[in-house]
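Scroll down for the structure; my scribbles are underneath it.
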Amino acid sequence: MERVVTSRLEGYIETNSILDPEQEGFRHYRSTENALLSLTQNIFNAFNNNEFILAVFIDLEKAYDSVWREGLLTKLYDNGVKGNIWNWINNFLKERQARCVINNHKGSWFETKIGLPQGSVIAPLLFNIFIKDIFANLSCKKCKFADDGTVWINGKNLNDMEKQVQKDLNIIQDWTKKWRINLSIEKTEYCIFSRNGPIKKMNLQLEGKLLKYNCNPKILGVTYVR
Numbered sequence: 001m002e003r004v005v006t007s008r009l010e011g012y013i014e015t016n017s018i019l020d021p022e023q024e025g026f027r028h029y030r031s032t033e034n035a036l037l038s039l040t041q042n043i044f045n046a047f048n049n050n051e052f053i054l055a056v057f058i059d060l061e062k063a064y065d066s067v068w069r070e071g072l073l074t075k076l077y078d079n080g081v082k083g084n085i086w087n088w089i090n091n092f093l094k095e096r097q098a099r100c101v102i103n104n105h106k107g108s109w110f111e112t113k114i115g116l117p118q119g120s121v122i123a124p125l126l127f128n129i130f131i132k133d134i135f136a137n138l139s140c141k142k143c144k145f146a147d148d149g150t151v152w153i154n155g156k157n158l159n160d161m162e163k164q165v166q167k168d169l170n171i172i173q174d175w176t177k178k179w180r181i182n183l184s185i186e187k188t189e190y191c192i193f194s195r196n197g198p199i200k201k202m203n204l205q206l207e208g209k210l211l212k213y214n215c216n217p218k219i220l221g222v223t224y225v226r
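The sequence shown: position 189 = 189 (this note's numbering), numbered continuously.
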């Protein structure tokens, strides 16, 4: 039954273009190559125009395990997923049990209130729906592959670029607060791609904490060398 529901839900979601078009993860005819090509091509174009690329690599903390189920069900309903499919998903998510196993010692079962069951067929699609608008209303360019997200901007004035990226980071931060999912500030990094020499570090922040600068970021298994 889970596969049947997933197939029908996926057909509805794709037919009605509900997902973010920049979401490349767990979708037919999409792959990591699409996400990598988008950023890489923009870097080459910026270099040809003697511009900088300022990119921020967003990391969500325990993304699948932290999905707010009531929020997800609200998003499904608001996007037209109702009736039997909505009821099935609601029943699928509620009263789920889990327990800890350490060195063959099994703990007591307890009910989980948040998160998606990892390993289930439908979980990736539900996650895509949950985060579909995390990058909505941004002025930066962006791409996503499942829970890995990148936003970037090109230009010649780094000060102006920094201000614009910070505005978009504030929008992302507000979204995470609204939808009860946490950012991993320690793993969220930024990089400035340039043909020039050393670049001054910026004061980009999330939740009042400065983001780390990484001159050789690793994205979807590929290391970019500035």
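The C-beta atom is built at its ideal place from N, Cα and C for all residues, glycine as well. Computed from a predicted model, the values in this text were never measured in an experiment.
Legend entry - Closest by C-alpha distance to A35, when choosing among L19, K144, I172: Locating residue 35 in the sequence shown gives position 35, counting from the first residue. The candidate whose alpha carbon is nearest that of A35 is K144.
Legend entry - Whole-Å CB distance - Y224 paired with L211, under 8 angstroms assumed: Against the sequence shown, residue 224 aligns to sequence position 224. Against the sequence shown, residue 211 aligns to sequence position 211. Actually they do not touch by this definition, with Cβ atoms about 16 angstroms apart.
Inset, instruction - Can you grab the Cα-Cα spacing for the pair W109 / K94, in whole Å? - result: Position 109 of the sequence shown holds residue 109. Position 94 of the sequence shown holds residue 94. When rounded, the distance between both Cα atoms is 15 angstroms.
Inset, instruction - In the DSSP assignment, find the unbroken beta strand (DSSP E) run with G149 in it and report its ends. - result: As a first step, residue 149 must be located in the sequence shown, where it is residue number 149. 148–155 is the span of the beta strand (DSSP E), which, as asked, contains G149.
Legend entry - Pairwise C-alpha distance: P217 and K82: As a position in the sequence shown, residue 82 is number 82, starting the count at 1. As a position in the sequence shown, residue 217 is number 217, starting the count at 1. Going from the Cα of K82 to the Cα of P217 covers about 41 angstroms.
Inset, instruction - Kindly indicate which residue of G11, A136, K178 has the alpha-carbon position closest to the one of T74. - result: To locate residue 74, count along the sequence shown from 1; it is residue 74. Residue K178 is the option with its Cα nearest to T74.
Legend entry - Beta-carbon contacts of M1 that lie in its chain and below 8 angstroms, excluding the five residues immediately before and after: Taking the sequence shown and counting its residues from 1, the one referred to as residue 1 is at position 1. Once the five neighbours on either side are set aside, the close Cβ partners of M1 are W88.
Inset, instruction - Could you pull out every residue in the same chain whose Cβ sits closer than 6 angstroms to the Cβ of S7, ignoring the five residues on either side in sequence? - result: In the sequence shown, residue 7 corresponds to position 7, counting from 1. Cβ neighbours of S7 beyond the five flanking positions: none.
Legend entry - Where F130 sits in the DSSP three-state scheme: Locating residue 130 in the sequence shown gives position 130, where the first residue counts as 1. The answer is helix: DSSP assigns F130 an H, G or I state.
Legend entry - Minimum C-alpha distance to W175 - residue among D78, W68, K163: Numbered from its first residue, the sequence shown carries residue 175 at position 175. Comparing Cα-Cα distances from W175 to each of D78, W68, K163, the minimum goes to W68.
Inset, instruction - Specify, as a first and last residue, the run of the alpha helix (DSSP H) that L54 falls within. - result: The count along the sequence shown starts at 1 and reaches residue 54 at position 54. It is not in any alpha helix (DSSP H) - L54 instead sits in the beta strand (DSSP E) that spans 52–59.
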